[in-house]
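The C-terminal residue of the sequence shown carries number 106 in the working numbering, and the numbering is unbroken. To start, the structure itself, in structure tokens.
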Amino acid sequence: MMSREAILDALLSATAANENMMWMLAALRMAERPVQKEQLRDVTNALYKQIHPDVGQEQLPIRSRHLLDEAAAMLEGASLVKVAEVAKSKRYTLSPLGEELLNYRQYKLMQERIKRKGAEQ
């Protein structure tokens, strides 16, 4: 049986392989409301630009419909997002597991910083 940490590590490495997924999760967390698929591209790219103001259009995480569809499908398949179908559109929200993964990632980044600081001293 896998531990909670092993499961979160596996999900983290899978999302790290496709960085778009992590940006999409963070954008959904910040949106704090259901987001239509087309808007998901906009909120994800807007968040990325906010953090990296000097990037060009070709460096944005979601540059095409294909990338949007692919990342959204993987997030949905991993249960990191909840999807509600409204009329003909899908609305995405962060699932509890997606929230847990973002929190775990933050924890791991903090642990890494602490370890680096300790090594520097």
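Where is the CB? At the ideal position from N, CA and C, for every residue including glycine. Keep in mind the model is a prediction, meaning the values are calculated, not measured.
Excluding the 5 residues preceding and the 5 following residue i in the sequence, name in chain order all residues of the same chain whose CB lies nearer than 8 Å to its CB.
i	result
R18	T78
L25	M9, A12, L13, I47, L53, A57 and Y77
L(-7)	E85, L86 and Y89
Q44	H37
L32	W8, A11, A12 and M15
Considering only DSSP beta bridges, list what residue i is partnered with.
i	result
T29	T29 pairs with nothing; no bridge assigned.
T78	K67
V20	Y77
With a CB to CB cut of under 7 Å and the five nearest residues on each side skipped, what residues in its chain are close to residue i?
i	result
L87	L10, A11 and R14
V20	L13, V28, R76 and Y77
E(-10)	none
Counting C-beta neighbours from all protein chains within 10 Å, is the total for residue i 16 or more, i.e. buried, or is it exposed?
i	result
Y92	exposed
S49	exposed
G83	buried
Determine the DSSP secondary structure at residue i, reduced to helix, strand or coil.
i	result
Q91	helix
S(-2)	helix
I41	It is worth fixing the name first, because residue 41 is Gly in this sequence and not Ile. If DSSP states are grouped into helix, strand and coil, G41 belongs with coil.
M(-13)	coil
I36	helix
N3	coil
Cutting at 6 Å between CB atoms, please list the residues of its own chain near residue i, excluding the five before and the five after it.
i	result
M7	T0
Evaluate the contact criterion for the segment -12 to 3 versus the segment 48 to 67: three or more CB pairs, one atom per stretch, below 8 Å. yes
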